[in-house]
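Visitor: Encoded as structure tokens, here's the structure I'll be asking about.
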Amino acid sequence: QQQVKQSPQSLIVQKGGISIINCAYENTAFDYFPWYQQFPGKGPALLIAIRPDVSEKKEGRFTISFNKSAKQFSLHIMDSQPGDSATYFCAADNQAGTALIFGKGTTLSVSS
Amino acid sequence: NAGVTQTPKFQVLKTGQSMTLQCAQDMNHEYMSWYRQDPGMGLRLIHYSVGAGITDQGEVPNGYNVSRSTTEDFPLRLLSAAPSQTSVYFCASSYYRANTEAFFGQGTRLTVV
Chain E
3 QQQVKQSPQS
13 LIVQKGGISI
23 INCAYENTAF
33 DYFPWYQQFP
43 GKGPALLIAI
53 RPDVSEKKEG
63 RFTISFNKSA
73 KQFSLHIMDS
83 QPGDSATYFC
93 AADNQAGTAL
103 IFGKGTTLSV
113 SS
Chain L
10 NAGVTQTPKF
20 QVLKTGQSMT
30 LQCAQDMNHE
40 YMSWYRQDPG
50 MGLRLIHYSV
60 GAGITDQGEV
70 PNGYNVSRST
80 TEDFPLRLLS
90 AAPSQTSVYF
100 CASSYYRANT
110 EAFFGQGTRL
120 TVV
């Protein structure tokens with residue numbers, strides 16, 4: 003049973019455009035929602051994370067929007083650059099912090 | 010600090026062979042975990058540990074064993090390799106629990122023939 007559903011599977015965006023990746027979760031006990039970025043041949047690295055006490059968190063060009071009632075959260079990349087081309091994973095965990103569950107990933111290509 | 014170090018980077022096994030994937034971290038993190046990454050499947054949790062001497066199963070534990078005798082090391086053992094275990098394996102560590110920043114190793118690409 004997939005607990006975190008991520009879409010789209012792949013995304014092509016023009017340089018300077020906005021990239022949007024969406025995730026939905028089922029488990030209402032989840033209370034930690036990070037996004038990880040992975041370049042080919044590398045391990046994932048934390049990009050940005052949010053907890054449900056806020057509806058939005060922004061770090062530079064990256065923003066997480068969180069909708070607790072809809073059990074959805076999304077990553078917005080403003081002014082997308084070719085260097086942002088990577089695979090992005092959403093994830094979720096609960097207060098016990100024992101198991102970070104990942105979505106299936108979105109491959110982003112930013113064309114110049 | 011080296012962070013999270015995984016060895017080997019690449020490995021080819023024959024069906025039925027056993028091997029151990031090594032993982033070490035030098036950040037004094039309590040929580041460590043193993044994931045496998047397959048195309049279109051994302052990262053799936055195999056086993057995790059919340060501290061030395063404590064391990065538990067994740068989403069896909071069958072065919073794998075782990076132990077955590079020290080804070081630094083968290084080896085993953087394949088008991089009898091099968092082609093279905095062909096994958097890229099990642100070890101990760103977090104300061105306290107999984108709901109804090111996870112630091113991943115570079116991965117081990119395993120092929121079982």
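Keeping their order, the protein sequence lines are chains E and L.
In this text, residue positions in the first sequence follow the working numbering: the first is 3, and each later residue adds one.
In this text, residue positions in the second sequence follow the working numbering: the first is 10, and each later residue adds one.
C-beta: ideal position from N, C-alpha, C; glycine also.
Near E:K17, which residues of its chain fall below 8 angstroms by C-beta distance, leaving aside the five closest residues on each side in sequence?
Guide: Stepping through the first sequence from its first residue, residue 17 of chain E is reached at position 15. Result list for E:K17: S82, Q83, P84, V112, S113, S114, in chain order.
Visitor: Looking at the C-beta of L:N108, does it have a partner C-beta in chain E at a distance below 8 angstroms?
Guide: As a position in the second sequence, residue 108 of chain L is number 99, starting the count at 1. Output row for L:N108: interface = yes.
Visitor: Using 8 angstroms as the limit for Cβ to Cβ distance, is E:Y180 near chain L?
Guide: Nothing can be reported for residue 180 of chain E, as the shown portion of chain E is limited to 3 through 114.
Visitor: Let me see if you follow: with CB-CB separation under 8 angstroms, is E:L77 close to chain L or not?
Guide: The sequence position of residue 77 of chain E within the first sequence is 75, counting from 1. No - not a single Cβ of chain L is within 8 angstroms of the one on E:L77.
Visitor: In three-state terms, what does DSSP make of L:I94?
Guide: As a first step, residue 94 of chain L is located in the second sequence; it is residue number 85 there, counting from the start. Position check: residue 94 of chain L holds Gln in this sequence, whereas Ile was assumed. Helix at L:Q94.
Visitor: Please name the residue, chosen from E:L48, E:P54, E:I103, E:G107, that lies closest to E:F75 on a Cα-to-Cα basis.
Guide: Numbered from its first residue, the first sequence carries residue 75 of chain E at position 73. Among E:L48, E:P54, E:I103, E:G107, the Cα nearest to that of E:F75 belongs to E:P54.
Visitor: Around the C-beta of E:Y27, are 16 or more other C-beta atoms found within 10 angstroms, so that it is buried, or is it exposed?
Guide: The count along the first sequence starts at 1 and reaches residue 27 of chain E at position 25. Flag for E:Y27 reads buried.
Visitor: Is it buried or exposed, E:Q8, if we count other Cβ atoms within 10 angstroms and call 16 or more buried?
Guide: Taking the first sequence and counting its residues from 1, one reaches residue 8 of chain E at position 6. Buried: at least 16 other Cβ atoms inside 10 Å.
Visitor: For E:P42, which beta-bridge partners are listed by DSSP?
Guide: On the first sequence, residue 42 of chain E is found 40 positions in, with the first residue counted as 1. BP columns for E:P42 are empty, so no partner.
Visitor: Flag this pair as yes or no: are the beta carbons of L:T79 and L:Q20 separated by less than 8 angstroms?
Guide: As a first step, residue 79 of chain L is located in the second sequence; it is residue number 70 there, counting from the start. As a first step, residue 20 of chain L is located in the second sequence; it is residue number 11 there, counting from the start. Their beta carbons are not under 8 angstroms apart, which means L:T79 does not touch L:Q20 by this criterion.
Visitor: Please determine, among L:L88, L:E81, L:P70, L:P17, the residue with the shortest C-alpha to C-alpha distance to L:S27.
Guide: The count along the second sequence starts at 1 and reaches residue 27 of chain L at position 18. Closest option to L:S27, Cα to Cα, is L:L88.
Visitor: Specify, as a first and last residue, the run of the beta strand (DSSP E) that L:M41 falls within.
Guide: In the second sequence, counting from the first residue as 1, residue 41 of chain L sits at position 32. Taken as a continuous stretch (DSSP letters only), the beta strand (DSSP E) holding L:M41 covers 40 to 47.
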